[in-house]
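For the record, the sequence lines run as chains R, C and H. Our numbering numbers the first residue of the first sequence as 1 and each following residue consecutively. Our numbering numbers the first residue of the second sequence as 1001 and each following residue consecutively. Our numbering numbers the first residue of the third sequence as 2001 and each following residue consecutively. Everything below concerns the one structure shown next.
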Amino acid sequence: MVLDGLNYVKDRLDGTLSYRWSCRMGICGSCGMMVNGEPKLTCATFLADYAPGPVRVEPLRNFPVIRDLIVDLGDFMGKLVRVKPWIIRRSEKPLSEGEYLQTPEEMDEYKQFSMCINCMLCYAACPIYGLDPHFIGPAAIALAQRYNLDNRDEAADERMEILSEHDGIWGCTFVGECTRVCPKHVDPAGAIQRYKLQSALDWVKSVVMPRAGA
Amino acid sequence: MNHVSYTPYHPRWHRTRVSTYWWLWRRSYFLFILRELSSLSVAWVVVYVLALVVRVSQGEAAYRAFLDWSSRPSVLALNVLSLAFLVLHAVTWFNLAPQAMVVHFRHRRVPGALIAASNYAGLAAVTAIILALLFVQW
Amino acid sequence: MRNKRPIEPFLWLLFSAGGVMAALFFPALIFLFGVAFPLGWLQPPPYDRLLALVSHPLTRLVLFGVCALSLFHCAHRLRYTLYDGLQIKHLDEVINTVCYGGAIAGTIAGAVVFGLIA
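Next comes the structure, spelled out in structure tokens:
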């Protein structure tokens, strides 16, 4: 893998090379970098695919570079908190009443979006984020959808408020690159378009039935 | 506007400026911009259809003049280009529709291919209606 | 840039509807009237038939709707292409006025055309 190549460089050629990696099996999301111009997880990218080479490894695009191949992900961390990626309920059930039940079909609704490993490859692929770093970005919106579509959550309206801001879903023009590069097949582009459709339908409802319940 | 405020304590961290020609770097970005530019062809077809309708309402001579004008090489080339862009628009639109619209039928998700196929069926139906209105002897 | 714009969902809805209308109606229309008839691949229908078709109130209504929505589709798409393609998002007030203003002007022109032809 490309990660093995980087480890070889650090072990034998240049010990000062700095990069992030952890699980080396495509689940932690730490090793995202640009390999020959494409955002990839270096632990999941075969060197053989690029034979005879050379292979060009660059820090993840669209993020500020701290050193060598390490980028600053603080922007995404802030945005992730903004979309409130946790279950929010208007009223909690007491413990004695047991768990919140969910059928397999209900889980399938949001399961795809829960696969996100926060690797940020989608942010590197998104030209809109590259042009305007205020754009909230694909992963944040997909994770918001993961909770909106979860039947145990009751804060879809709250998240809609946050994501209807101008740097929210409306900046997206459905380029689709985020979905193409996602190593976990989360389809953030689909999440965003569904969100736009939902927002538009909510708007229609608010115009046609202004007094309908919250 | 080169730097973003979210790294206020490290202004020296490097951020690559995005080139004005970012859309030429990658094939997928280029195809995306082509798809967006197809909207210009849509605008042209609107103008063309309005012009056609006005000419038809002005009498047979005006309509003939319009047909002659539309067979001039420059207009023809523009229309052929527009047709190509419109086909690009329709194909990309219908193929992306399933990602935007998740339809449930009896607690199961309708497969995306079916949604796309029904969109194409709609195109075939509308085309058939237009052809019938113009050519079929009722 | 945290301002909310409640009109965005409505504009997106117009964009979507326009995209569907343009995708369904315009390929056939531009193929027939822009390529096939001028090139002589197909004989255009006789004038009387075309006049009757165009004057029919249903045709006029449908064509007006398709044209108006398509213009808003173009306006929306062009607006974002200018933001991103030319990186002039800071000129957004000018861009929005030109794009949607153009669509509104085109819709009014269309209303005049379809409303006044007998």
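Where a beta carbon is used, it is the ideal one built from N, C-alpha and C, also for glycine.
Starting from the Cα of R/F76, find the closest Cα among R/N118, R/E177, R/M33 and give me that residue.
R/N118
On the DSSP letters alone, give me the boundaries of the alpha helix (DSSP H) that H/E2008 sits inside.
2008-2030
Contact set for C/N1119: own chain, Cβ-Cβ below 7 Å, skip 5 residues either direction:
F1094, A1097
May I ask you to report which of helix, strand or coil DSSP gives R/I70?
strand
When DSSP labels each residue in this structure, what does H/V2094 get in the three-state scheme?
helix
Does any CB atom of chain R fall closer than 8 Å to the CB of H/R2002?
Low confidence applies here, because H/R2002 scores a pLDDT of 44, under 50, leaving its location unreliable; read the following figure in that light. At least one chain R Cβ lies under 8 Å of H/R2002.
Considering only their Cβ atoms, is the gap separating C/L1114 from H/P2027 smaller than 8 Å?
no
List the DSSP bridge partners of R/K40.
R/M33
Output the distance between the C-alpha atoms of H/A2023 and C/L1086, rounded to the nearest integer angstrom.
7 Å
With H, G and I counted as helix, E and B as strand and the rest as coil, what does DSSP make of H/R2005?
coil
Could you confirm whether any beta carbon from chain H is found closer than 8 Å to the beta carbon of R/L131?
yes
Measuring alpha carbon to alpha carbon, tell me which residue in R/D108, R/A124, R/Y19, R/E38 is nearest R/F63.
R/A124
Does the distance from the CB of R/N36 to the CB of R/V65 come in under 8 Å?
no
Answer yes or no: does any C-beta atom of chain D fall closer than 8 Å to that of H/C2099?
Among the chains of the structure shown, chain D does not appear; the protein chains present are R, C and H.
Three or more C-beta pairs below 8 Å linking the region 2071-2081 of chain H and the region 2097-2104 of chain H
yes
Give a yes or no on whether 8 Å exceeds the smallest Cβ distance from H/L2086 to chain R.
no
Using a Cβ-Cβ cut-off of 8 Å, state whether R/I192 counts as contacting chain H.
no
Thinking C-alpha only, which one of H/I2104, H/A2068, H/G2019, H/V2062 is nearest C/I1129?
H/V2062
Taking only runs of the alpha helix (DSSP H) that begin and end inside the region 1058-1101 of chain C, which ones reach a length of at least 4 residues, in chain order?
1060-1070, 1073-1100
Please check if any C-beta of chain R sits within less than 8 Å of the C-beta of H/P2009.
yes
At the 8 Å Cβ level, is H/L2013 part of the contact set with chain R, yes or no?
yes
Distance check for H/G2110 and H/P2044, CA to CA, integer angstroms please.
24 Å
Do you know whose CA, among H/C2067, H/G2019, H/T2081, H/L2051, lies nearest C/E1060's CA?
H/L2051
Could you pull out every residue in the same chain whose Cβ sits closer than 6 Å to the Cβ of H/V2154, ignoring the five residues on either side in sequence?
Because chain H spans 2001 through 2118 in this model, residue 2154 of chain H falls outside it and cannot be assessed.
How is C/V1047 classed by DSSP in three states: helix, strand or coil?
helix
Show which residues of chain H have a CB atom less than 7 Å away from the CB atom of R/P127.
D2084
I want to see whether chain H comes within less than 8 Å of C/T1020, judged by CB atoms only; does it?
yes
Ignoring anything shorter than 4 residues or poking outside the region 91-137 of chain R, list the alpha helix (DSSP H) runs there in chain order.
104-111, 121-125, 127-131
Below 8 Å on the Cβ atoms is my contact criterion, and I expect R/E280 with R/C126 to pass it. Report the Cβ-Cβ distance as a whole number of Å.
As shown, chain R starts at 1 and ends at 214. That puts residue 280 of chain R outside it, with no answer to give.
Mind listing the chain R neighbours of H/R2005? Cutoff is C-beta to C-beta under 9 Å, in chain order.
S164, E165, H166, W170
Distance cutoff 8 Å, beta carbons only. Does C/W1093 sit that close to anything in chain R?
no
Evaluate C/A1077 with the Cβ neighbour count: other Cβ atoms within 10 Å of its Cβ, from every protein chain shown; 16 or more gives buried, anything less gives exposed.
exposed
Excluding five sequence neighbours on each side, which residues of the same chain lie with their C-beta closer than 7 Å to the C-beta of H/M2001?
Residue confidence is low: H/M2001 scores 38 on pLDDT, short of 50, so the model does not pin down where it sits. Its coordinate-derived value is still stated next. Taken in chain order, the list of residues that qualify is empty.
Can you pull the chain H neighbours of R/T226, defined as C-beta to C-beta under 7 Å?
No information on residue 226 of chain R is available, as it lies outside the stretch 1 to 214 that chain R covers here.
Rounding to the nearest angstrom, what Cα-Cα distance links R/D157 and R/D108 in this structure?
21 Å
Taking Cβ to Cβ, would you say R/C182 is nearer than 8 Å to R/L121?
yes
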